Amino acid sequence: MDVLLPAGRAVPAVEQGLLPAVRTVAAAAVRPGPAVTLGVRSVQPGRRGRVRDEVHVLRPALGGERRSGVRRLPRRAARRVRAGHGHPRRRAARRGGDVGVGPATTRTGREARTSRSRRHRGGGDVSRRPNARAEALPVEDDAPTDLPTAGTPGRRRGPHLRLTPREPDELRGGLWYCLKVFLALRVGLSLLGVAALGLLPHFPLQVNPLPGLGDVPGPVPVPGWPAAAVTPGWHNLVTAFERFDALWFLRIASHGYARADGSAAFYPLYPLATRAASFILGGHPLAGALVVSNAAFLGALMMLFVLARAEIGDERARRTVLYLALFPTSFFFLAPYSEALFLLLVLVCLWGARRRRWWMAAAAGALAAATRNFGALLILPLAVEAVQQHRRDDAPLLAPLLWSAGPASGTGAYFLYWRLKAHDLLYPVHQQANWERHLADPLVTLWRGTRYAFGYPGSYAIGYHSLDWLVVAPVLVLGVYGLWKLRPLYSAYLWASVLAPLAYVFDGRPLMSMPRFAAVLFPVPWALALWTGRSRGRREAVVALSSGMLVLLFVLFANWLYVF
Numbered sequence: 004m005d006v007l008l009p010a011g012r013a014v015p016a017v018e019q020g021l022l023p024a025v026r027t028v029a030a031a032a033v034r035p036g037p038a039v040t041l042g043v044r045s046v047q048p049g050r051r052g053r054v055r056d057e058v059h060v061l062r063p064a065l066g067g068e069r070r071s072g073v074r075r076l077p078r079r080a081a082r083r084v085r086a087g088h089g090h091p092r093r094r095a096a097r098r099g100g101d102v103g104v105g106p107a108t109t110r111t112g113r114e115a116r117t118s119r120s121r122r123h124r125g126g127g128d129v130s131r132r133p134n135a136r137a138e139a140l141p142v143e144d145d146a147p148t149d150l151p152t153a154g155t156p157g158r159r160r161g162p163h164l165r166l167t168p169r170e171p172d173e174l175r176g177g178l179w180y181c182l183k184v185f186l187a188l189r190v191g192l193s194l195l196g197v198a199a200l201g202l203l204p205h206f207p208l209q210v211n212p213l214p215g216l217g218d219v220p221g222p223v224p225v226p227g228w229p230a231a232a233v234t235p236g237w238h239n240l241v242t243a244f245e246r247f248d249a250l251w252f253l254r255i256a257s258h259g260y261a262r263a264d265g266s267a268a269f270y271p272l273y274p275l276a277t278r279a280a281s282f283i284l285g286g287h288p289l290a291g292a293l294v295v296s297n298a299a300f301l302g303a304l305m306m307l308f309v310l311a312r313a314e315i316g317d318e319r320a321r322r323t324v325l326y327l328a329l330f331p332t333s334f335f336f337l338a339p340y341s342e343a344l345f346l347l348l349v350l351v352c353l354w355g356a357r358r359r360r361w362w363m364a365a366a367a368g369a370l371a372a373a374t375r376n377f378g379a380l381l382i383l384p385l386a387v388e389a390v391q392q393h394r395r396d397d398a399p400l401l402a403p404l405l406w407s408a409g410p411a412s413g414t415g416a417y418f419l420y421w422r423l424k425a426h427d428l429l430y431p432v433h434q435q436a437n438w439e440r441h442l443a444d445p446l447v448t449l450w451r452g453t454r455y456a457f458g459y460p461g462s463y464a465i466g467y468h469s470l471d472w473l474v475v476a477p478v479l480v481l482g483v484y485g486l487w488k489l490r491p492l493y494s495a496y497l498w499a500s501v502l503a504p505l506a507y508v509f510d511g512r513p514l515m516s517m518p519r520f521a522a523v524l525f526p527v528p529w530a531l532a533l534w535t536g537r538s539r540g541r542r543e544a545v546v547a548l549s550s551g552m553l554v555l556l557f558v559l560f561a562n563w564l565y566v567f
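The numbering used here puts the first residue of the sequence shown at 4, with every later residue one more than the last.
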């Protein structure tokens, strides 16, 4: 740009001077229209592996709104940033889910002073490798977010939920954390099982006293599978978990299904896996069942960490894993029950939906539906996720909706088996009559459960109604909290899994088995991790209360009290 007068053009006296000349010359040199922001291709770490300034990252907004946010890159999370830009006169526009830059934002003095304290929330440091590049990671907020996509403009391949990121140290550390939590729970409950049987008196085998006598019922066998007598010894490290429905699974794994004995109410995938593991272990069904349950639970903890880390960051993902392991009925994950396998398949199913790998979501959902009767409810959260991706990102809708029906195939295959075996397509449903359950209004069930819990305190031994309510009530509160804090996919799964058993009730104990059903509701500890946030007091209170309930319920369970 030249400050001289333009050649061949006279300037009026009123416009003479330096600035008019510059303005006249500059008019032809500067292209018309608003400035265009260039995309950021990479972020180079500075001293000590940190980013000097905050990086302005665009992400898809919530509820269809378009907005941008300023966040620091998570600690040791230096990876590539895909670029895109929005309209300069409006809020940032979405461009195929890519991550771009927006208007500059100034850090206040308070933000600068508190930036170091944000490190435990996932902010602050980037990779300590000097040549690391930054890849967009999900913003760690209490609200649900869409995860950035690493694809090119056009049809997108789904949220960027990587199992093996470029910088694996953080992920590897999280998986090791899951292993340590699993081992601590496994060892702790096994030792508690040895001690628990000496805490309460027992009746002889197969003797069921009347309520209120003060002693503990003896073991309760199932048709075709006797229950072992309660005896002290180190064998209780393992056998303390062989209680109630575990006998049904062991019977089915060893001898298969039979008509008119109630076994059809237990879905087949877990007994099949137990039978396969038992064959490998030399024909020991209990050992096979424990291997399947414990391996599935460890895999579920790791899968939960991967999913939660991509959504809410590393630190809160670890707390989610811890809260799930300390859930009051988490001992069912280590027992010969189908809960652990079901939880693993549910997490794989929803993880596939978030990645838009719908074939994976459909396959895992079908297997989950073949594991438990409520697995067919996965149709609802999958359909919710398909619609949300279509509305927010213009993703295809028809194919994901068709894949969302995949869980129905697992239930349908099991019903077809009984159509051929017993000439009754709904035979598993009809067998629920053995447990005297019937359809009811969920609100009426909750009201009756609350009335029983508080209407007869101390009037009978154990107090099952109160114990059921103490577990179910916080689950409902956190479910309501999750409606505002969790992605609709997870809230749909939570509430479908809560309302279904509340609508199929046993009159004498309205909330019977609800604490066990709630153990697989991973959005509950997820919401709890969001609620505790950075408050140390809240975290310690949650761990203390949940651990206390876990110990109490497991002692009752190991002593054949009716916690099932």
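Note that the Cβ used here is the ideal one computed from N, Cα and C, for glycine as well. Every value quoted in this text rests on a predicted model; they were computed, and no experiment measured them.
*Thinking C-beta only, is M552 closer than 8 Å to L473?*
In this structure, L473 places its C-beta atom within 8 Å of the C-beta atom of M552.
*Just tell me which of A261, A506 and L564 has its CA closest to the CA of A443.*
Looking at the Cα atoms, A506 is the closest of the given residues.
*Mark D471 as exposed unless 16 or more other C-beta atoms lie within 10 angstroms of its C-beta, in which case mark it buried.*
A buried status is given to D471, since no fewer than 16 other beta-carbon atoms sit within 10 Å of its beta-carbon.
*In chain order, what residues of the same chain have a beta carbon less than 7 Å from the beta carbon of S550, not counting five sequence neighbours either side?*
The answer, listed in chain order, is L329.
_Distance between A313 and E173 (C-alpha atoms, nearest Å)_ = If I take the Cα positions, the gap works out to 12 Å.
_Unbroken stretches of the alpha helix (DSSP H), 4 residues or longer, contained in the segment 396-443_ = Restricting attention to alpha helix (DSSP H) runs no shorter than 4 residues, the segment 396-443 encloses them at 401-407, 410-425 and 430-433, ordered along the chain.
*Verify whether the separation of the beta carbon atoms of A276 and V295 is less than 8 Å.*
Judged by their CB atoms, A276 and V295 are nearer to each other than the 8 Å cut-off.
*Tell me whether S336 sits in a helix, a strand or coil according to DSSP, three-state version.*
Reading off the sequence, residue 336 comes out as Phe, not Ser. Residue state, collapsed to three classes: helix.
_Counterpart residues of F509 in DSSP-defined beta bridges_ = R440.
*Quick one, which of R512, K488, C352 and G540 has its alpha-carbon nearest A379's?*
Selected option, being the one with the closest Cα: C352.
*Taking C-alpha atoms, which residue in R490, A280 and W228 lies nearest to D264?*
Among R490, A280 and W228, the Cα nearest to that of D264 belongs to W228.
_Y459 burial status per 10 Å Cβ neighbour count (16 or more: buried)_ = It is exposed - the Cβ of Y459 has fewer than 16 other Cβ atoms within 10 Å.
*asked:* Could you pull the DSSP bridge partners for W228 from this structure?
replied: DSSP output for W228 lists V225 as bridge partner(s).
*What residue ranges within the segment 474-548 form continuous beta strand (DSSP E) runs of no fewer than 3 residues, ordered along the chain?*
You should have 507-509.
_Segment limits, alpha helix (DSSP H) that includes P288_ = Taken as a continuous stretch (DSSP letters only), the alpha helix (DSSP H) holding P288 covers P288 to I315.
*Taking L419 as the reference, which of A267, A561, G191 and P171 has the closest Cα?*
When A267, A561, G191 and P171 are compared, the shortest CA-CA separation from L419 is found for A267.
*asked:* When you compare the segment 500-515 with the segment 475-489, are there three or more beta-carbon pairs, one atom per stretch, that lie closer than 8 Å?
replied: In short, these stretches touch, since the Cβ pair count reaches three.
*How close, in whole Å, do the beta carbons of V225 and L250 come, if the pair is a contact with beta carbons under 8 Å?*
Sure, about 5 Å apart at Cβ, within 8 Å.
*DSSP on V566, reduced to helix/strand/coil?*
Per DSSP, reduced to three states, the secondary structure at V566 is coil, with no helix or strand assignment.
*Terminal residues of the continuous alpha helix (DSSP H) containing R357?*
Per DSSP, R357 belongs to the alpha helix (DSSP H) from E342 to R357.
_Rounded to whole angstroms, what is the Cα-Cα separation between F282 and A231?_
Looking at the two C-alpha atoms, the distance is approximately 22 Å.
*Can L381 and P410 be called in contact, C-beta distance under 8 Å?*
Taking 8 Å as the Cβ cut-off, L381 and P410 qualify as a contacting pair.
*Classify S333 as buried or exposed, calling it buried when 16 or more other Cβ atoms lie within 10 Å of its own Cβ.*
S333 should be labelled buried.
*When the Cα atoms are used, what is the spatial distance from A280 to G291?*
The alpha-carbon of A280 is positioned some 5 Å away from that of G291.
*Which residues bound the alpha helix (DSSP H) around N239?*
Segment N239 to T242, the alpha helix (DSSP H) holding N239.
_If the criterion is Cβ atoms closer than 8 Å, does the pair V197 and L240 meet it?_
Taking 8 Å as the Cβ cut-off, V197 and L240 qualify as a contacting pair.
*Near A398, which residues of its chain fall below 6 Å by C-beta distance, leaving aside the five closest residues on each side in sequence?*
In its chain, beyond the 5 residues on either side, Q392 have a beta carbon closer than 6 Å to the beta carbon of A398.
_Within 8 Å, do at least three Cβ pairs link the segment 342-350 to the segment 298-305?_
Under the three-pair Cβ rule at 8 Å, the segment 298-305 counts as touching the segment 342-350.
*Measuring alpha carbon to alpha carbon, tell me which of G191, R440, A532 and F557 ends up nearest D510.*
The residue among G191, R440, A532 and F557 with its C-alpha nearest the C-alpha of D510 is R440.
_Beta-carbon proximity check, L405 vs L370, cutoff 8 Å_ = Taking a C-beta distance under 8 Å as the contact criterion, L405 and L370 do not qualify as a contact pair.
*Where V309 and L325 are concerned, what is the direct C-alpha to C-alpha distance, given to the nearest angstrom?*
Going by the C-alpha atoms only, they are around 14 Å apart.
*asked:* By alpha-carbon positions, which one of K488, P339, A356 and L307 ends up nearest to F247?
replied: Nearest C-alpha to F247 among K488, P339, A356 and L307: P339.
*Leaving aside the five residues before and after E388 along the sequence, list all residues of the same chain whose C-beta is less than 6 Å from its C-beta, in chain order.*
Cβ within range, chain order: A356 and L492.
*Limits of the alpha helix (DSSP H) - the one that Y273 falls within*: From DSSP, the alpha helix (DSSP H) with Y273 extends over L272 to I283.
*Going by CA-CA distance only, name the one from L400, L182 and P204 that's closest to A561.*
Comparing alpha-carbon positions, the option among L400, L182 and P204 lying closest to A561 turns out to be P204.
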